[in-house]
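Chemist: If you're matching positions, the sequence shown starts at 24 in the numbering used here and goes up one per residue.
Glycine is no exception: its CB is placed at the ideal position from the N, C-alpha and C atoms.
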Amino acid sequence: MDKLNLVKMANNIGAYFQSEPDREVAITGIEQHIRKFWEPRMRTQIIDYLKEDGSELMDIVAEAVRNLSVQK
24 MDKLNLVKMA
34 NNIGAYFQSE
44 PDREVAITGI
54 EQHIRKFWEP
64 RMRTQIIDYL
74 KEDGSELMDI
84 VAEAVRNLSV
94 QK
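Quick look at the structure:
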């Protein structure tokens, strides 16, 4: 899957959690969703995208992906 589609998918997840008033709960929700529903190859690609650029990711999504990369 190309990185632009992954970014769009990740940001859609972020948009869902954006209404959560507690930022940490939102970040954890995004991280858990990606960990649970994305295959390892997709997770690796989004982590790589964040390391290379990451400019198209929402702030809360970027933070969730950062957490994924630490716990990988």
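Compute the distance between the beta-carbons of Gly37 and Ile69, then report whether it is under 8 Å.
Modeler: Position 14 of the sequence shown, counted from the first residue, corresponds to residue 37. Position 46 of the sequence shown, counted from the first residue, corresponds to residue 69. Not a contact, by the Cβ cut-off of 8 Å.
Chemist: Can you check whether the CB of Leu91 is closer than 8 Å to the CB of Glu54?
Modeler: Here the question's residue 54 lines up with position 31 in the sequence shown. Here the question's residue 91 lines up with position 68 in the sequence shown. Their beta carbons are under 8 Å apart, which means Glu54 touches Leu91 by this criterion.
Chemist: Please determine, among Phe40, Lys74, Glu79, the residue with the shortest C-alpha to C-alpha distance to Val93.
Modeler: Position 70 of the sequence shown, counted from the start, is the residue given in the question as residue 93. The residue with the shortest Cα to Cα distance from Val93 is Lys74.
Chemist: In the structure shown, what three-state DSSP assignment does Met32 receive?
Modeler: Residue 32 sits at position 9 when you count from the first residue of the sequence shown. Looking at Met32 - three-state DSSP - the assignment turns out to be helix.
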